[in-house]
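Residue numbers (the numbering used here): 252 to 479.
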């Protein structure tokens, strides 16, 4: 497993943008000062610029400089966050993580035991009822897992590979769906989660992406749980 880089331009683009912003602000400030000095040199001696006008124009210079400093600070913080995310992403290579998804695989191992990939539920509010349905490749619901009342958070339902009648299902890929409701019967937001192993990290124009094999690529921000 390796760390790949599809684009290393994000950091340099950020630095270039920051430098461009600083240069532009500096040009504006220099032009402003030139105009102010010219105005002072050519003002009517009988009607000079009063203190309030001078103070106002100097305040405008301070505002321009303040905005420039703020943009530079934000750019610096953004760069530090990118570096932190990159280091965090690399440390997850080889680990199994939970991401939004509806895929579930079940297989029979060498001992004859049924083994299913971990699945999860991202429950975004307290619910009086949470149900997970598992469907086969034809879309037929083969199993309903009633999890009952649950608090908001990441839930970890398990499936033994059997249908609602207790019959063992064939090895292969299945689909999961989640429904949740409160005591009044109103829908509670809940997302199904699939698991995959981080195989490598890619640095793209869209930020740091984690490659989870058949599940595809996901942002670091998509990770709901690290299973180890």
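Backbone N, C-alpha and C fix where the C-beta goes; we use that ideal spot for every residue, glycine too. Here the structure is a predicted model, which means the values were calculated and not measured.
Whole-angstrom distance between residue 364 and residue 357, CA atom to CA atom: Locating residue 357 in the chain shown gives position 106, counting from the first residue. Locating residue 364 in the chain shown gives position 113, counting from the first residue. The straight-line gap from Cα to Cα measures roughly 10 Å.
Backbone secondary structure at residue 355 - three-state DSSP: What you label residue 355 is simply residue 104 of the chain shown in a count that begins at 1. It is a strand residue.
Buried or exposed by the 16-neighbour rule on C-beta atoms within 10 Å, applied to residue 461: Your numbering for residue 461 matches position 210 in the chain shown. It counts as buried.
Any 3 or more C-beta pairs closer than 8 Å across the region 418 to 428 and the region 376 to 389: yes
Backbone secondary structure at residue 441 - three-state DSSP: As a position in the chain shown, residue 441 is number 190, starting the count at 1. Reduced to three states, the DSSP call for residue 441 is strand.
Proximity below 8 Å, CB of residue 367 to CB of residue 412: If you number the chain shown from 1, residue 367 lands on position 116. If you number the chain shown from 1, residue 412 lands on position 161. It is a contact, given that the beta carbons lie within the stated cut-off.
As assigned by DSSP and simplified to three states, the class of residue 381: Translated into the one-based positions of the chain shown, residue 381 becomes position 130. DSSP places residue 381 in strand when its eight states are reduced to three.
DSSP-derived helix/strand/coil call for residue 289: Numbered from 1 along the chain shown, position 38 holds the residue referred to as residue 289. In this structure, residue 289 counts as helix in the three-state DSSP scheme.
Beta carbon of residue 443 nearer than 8 Å to that of residue 375: Here the question's residue 443 lines up with position 192 in the chain shown. Here the question's residue 375 lines up with position 124 in the chain shown. Taking 8 Å as the Cβ cut-off, residue 443 and residue 375 do not qualify as a contacting pair.
Close Cβ partners of residue 433 (< 8 Å) along its chain, the five nearest in sequence each way excluded: Your numbering for residue 433 matches position 182 in the chain shown. Result list for residue 433: 376, 377, 378, 379, 439, in chain order.
Distance between residue 349 and residue 269 (C-alpha atoms, nearest Å): Taking the first residue of the chain shown as position 1, residue 269 is located at position 18. Taking the first residue of the chain shown as position 1, residue 349 is located at position 98. With a pLDDT of only 48 at residue 269, under the threshold of 50, the placement of this residue in the model should not be trusted; the figure read from the coordinates follows. Answer to the nearest angstrom: the Cα atoms are 36 Å apart.
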